[in-house]
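Take a look at the structure set out below.
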Amino acid sequence: MKDASAGESNKWGSLEMPSVVAAAHELKAPLVLLRQLSYQLEVVGELTPEQKIIQQRLRLTAERSLRLVENITQTGRLDQTLFALEPLQVRSVWEGVEGEMQPLAEQLDQRIKLTVPKKPLLVVAHKELLPAVLTGLCDNALAHNPKGETVTLAARQHEDTVVFSVRDNGPKIDAKSFDQLEGRLGIAPQPLGSRPGSSGLGLWIAGNFARAMSAKLSVTRHRTGGMTFSLHVPQSGQLSLL
Amino acid sequence: MNKPILLIEDDQWLADSYMVLLKSRGHEVTQLSTAYEAMEWIDANAPALIVADILLGDHNTFTLFHELQSYPDTAGIPVIVCTTLGKQQLSKADLKSYGIVEVLDKATLTPDQLVLAVETHLPEERGVER
Numbered sequence: 001m002k003d004a005s006a007g008e009s010n011k012w013g014s015l016e017m018p019s020v021v022a023a024a025h026e027l028k029a030p031l032v033l034l035r036q037l038s039y040q041l042e043v044v045g046e047l048t049p050e051q052k053i054i055q056q057r058l059r060l061t062a063e064r065s066l067r068l069v070e071n072i073t074q075t076g077r078l079d080q081t082l083f084a085l086e087p088l089q090v091r092s093v094w095e096g097v098e099g100e101m102q103p104l105a106e107q108l109d110q111r112i113k114l115t116v117p118k119k120p121l122l123v124v125a126h127k128e129l130l131p132a133v134l135t136g137l138c139d140n141a142l143a144h145n146p147k148g149e150t151v152t153l154a155a156r157q158h159e160d161t162v163v164f165s166v167r168d169n170g171p172k173i174d175a176k177s178f179d180q181l182e183g184r185l186g187i188a189p190q191p192l193g194s195r196p197g198s199s200g201l202g203l204w205i206a207g208n209f210a211r212a213m214s215a216k217l218s219v220t221r222h223r224t225g226g227m228t229f230s231l232h233v234p235q236s237g238q239l240s241l242l
Numbered sequence: 243m244n245k246p247i248l249l250i251e252d253d254q255w256l257a258d259s260y261m262v263l264l265k266s267r268g269h270e271v272t273q274l275s276t277a278y279e280a281m282e283w284i285d286a287n288a289p290a291l292i293v294a295d296i297l298l299g300d301h302n303t304f305t306l307f308h309e310l311q312s313y314p315d316t317a318g319i320p321v322i323v324c325t326t327l328g329k330q331q332l333s334k335a336d337l338k339s340y341g342i343v344e345v346l347d348k349a350t351l352t353p354d355q356l357v358l359a360v361e362t363h364l365p366e367e368r369g370v371e372r
């Protein structure tokens, strides 16, 4: 494992892709409409169980797409804004992410397990970017995790950081692909042949957000299959003052 | 007769959806698509509350909010903004000075949240007809 979110210059640098950001912003309105129309189905009449499933899938798909376009537009603003970093409770951040992703996990017939230390932990991070990175990692894990399996969300203290980790049980990835992923994690979108359906865009966004918060993204490959993506976030010393 | 709620939204399908929801709760709602149309309509109708998108086709939403604050009979009308703009992009000071009482994010808004926001900020003397 190594820190892979820094180093190589970013040819996808946030301000070099205004047209992508503009396109993402334009996509928001139709996605918001799709989501709202799925809600409207509930208002106009009672749905059969099958219709209810389709309605939930429509909404979850719209919400997933909205998160992505919101993150892309946010990426376009990273260099323009001085982000206010503040102390955030690790447990409440993870619980918020878990709550948001639980409906998607249920629809995919997967489980989410949260493991955080009992003692209070604080990190210094951005209150919107941190949940966005963790939600993205969880979404990525659910996309690769097999039906019936569990995605594990965890946090642990390590030296002066808190390590947020997301473990999936997805397909094994070969060494060459892993080296490619690890070496360019968060630097550029990168399709992974052994993980079909992934453009790597979400991880590139996560890498950008991590850098904006002085955090680091890393990845570990497991022998038994699956991967763990970790976000190393500076710990807040505020609790030690109490 | 109760004063209506004014919905300013230029996406007609989205506006229809919000109207179905609010009307199902017994509210009288009028929908317009531009800030310019809204200015004239408000003069004649004095709504109880305004729910407005910001990114309208005529780019005059903040001009409308400013206009509302300029006259005693409209300065007190509560305005709920319903937008896809992130809260980071909206200045809190501006929002307060424009009479905006709540900002709703369209990307995460649920029907319950819209109804709650509207019914929380409707002036008390205006009951809901059920």
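Protein chains in written order, with the working numbering: chain L, 1 to 242; chain W, 243 to 372.
Glycine included, C-beta positions come from ideal geometry on N, C-alpha and C.
One thing to note: P246(W) has its Cβ no nearer than 8 Å to the Cβ of T276(W).
In the DSSP annotation of this structure, S218(L) is not part of any alpha helix (DSSP H); the continuous beta strand (DSSP E) holding it starts and ends at K216 to R221. Beyond the five residues adjoining it in sequence on each side, L356(W) comes within less than 7 Å, by CB distance, of Y260, L263 and L346 in the same chain, given in chain order. Of all C-beta pairs linking the segment 104-114 of chain L to the segment 175-183 of chain L, fewer than three are shorter than 8 Å, placing the two stretches out of contact.
For V32(L), the chain W residues whose C-beta falls within less than 9 Å of its own C-beta are D253, L256, T326, K348, A349 and L351, listed in chain order. Counted as a single uninterrupted DSSP element, the beta strand (DSSP E) harbouring P234(L) occupies residues M227 to P234. For V262(W), at least one C-beta of chain L is nearer than 8 Å to its own C-beta. The three-state reading of DSSP puts I296(W) in coil, since its state is none of H, G, I, E or B.
With respect to the 8 Å criterion, L66(L) and A288(W) are not classified as neighbours on the basis of their beta carbons. Under the DSSP definition of a beta bridge, I112(L) partners with V151(L).
When Cβ pairs closer than 8 Å are counted between the two stretches, the segment 58-75 of chain L is seen to touch the segment 22-30 of chain L, the count reaching three or more. Here N208(L) really is in contact with T75(L); their C-beta atoms are around 5 Å apart, less than 8 Å. Counted as a single uninterrupted DSSP element, the beta strand (DSSP E) harbouring P87(L) occupies residues E86 to Q89.
Taking a C-beta distance under 8 Å as the contact criterion, S230(L) and S165(L) qualify as a contact pair.
Assignment of T48(L) by DSSP, reduced to helix, strand and coil, places it in the coil class. For T272(W), the secondary structure class from DSSP, reduced to helix, strand or coil, is strand.
As summarised for the segment 97-145 of chain L, the continuous alpha helix (DSSP H) elements at least 4 residues long and confined to that stretch are 129-144, given in chain order. Of the other Cβ atoms in all chains shown, fewer than 16 fall within 10 Å of the Cβ of W255(W); this residue is therefore exposed. The shortest CA-to-CA distance from T115(L) to any of Q55(L), G136(L), L153(L) and L85(L) is the one to L153(L). Chain W places no beta carbon closer than 8 Å to that of L104(L), leaving this residue out of the contacts. Rounded to the nearest angstrom, the Cβ distance from A280(W) to L297(W) is 15 Å, too far for a contact under 8 Å. In chain order, T152 and T228 place their CB closer than 6 Å to the CB of R167(L), counting only its own chain and leaving out the 5 sequence neighbours on each side.
Only residues of its own chain outside the window of five on either side were considered, and among them A62 have a CB closer than 6 Å to the CB of L34(L), listed in chain order. When Cβ pairs closer than 8 Å are counted between the two stretches, the segment 124-135 of chain L is seen to touch the segment 209-217 of chain L, the count reaching three or more.
V123(L) is positioned such that its CB atom lies closer than 8 Å to that of P234(L). With contacts defined by Cβ atoms closer than 8 Å, V360(W) and Y340(W) do not form a contacting pair. Counting along the chain, E361(W) sits inside the alpha helix (DSSP H) bounded by residues P353 to H363.
The same chain holds no residue with a CB closer than 6 Å to that of Q40(L) once the five nearest residues on each side in sequence are set aside. Note that the C-beta distance between V21(L) and I72(L) is below 8 Å. Note on L358(W): under 16 other CB atoms within 10 angstroms of its CB, so exposed under the neighbour-count rule.
Taking the CA atoms as reference points, G268(W) sits about 21 Å from E344(W). Taking all protein chains shown into account, Q36(L) has 16 or more neighbouring C-beta atoms within 10 Å of its C-beta and is therefore buried. S312(W) has a beta carbon lying at 8 Å or more from every beta carbon in chain L.
Bounds of the alpha helix (DSSP H) holding D258(W) are Q254 to S266. Chain L has no Cβ within less than 8 Å of the Cβ of S275(W). For V90(L), the closest of K216(L), V163(L), E149(L) and A84(L) by C-alpha to C-alpha distance is V163(L).
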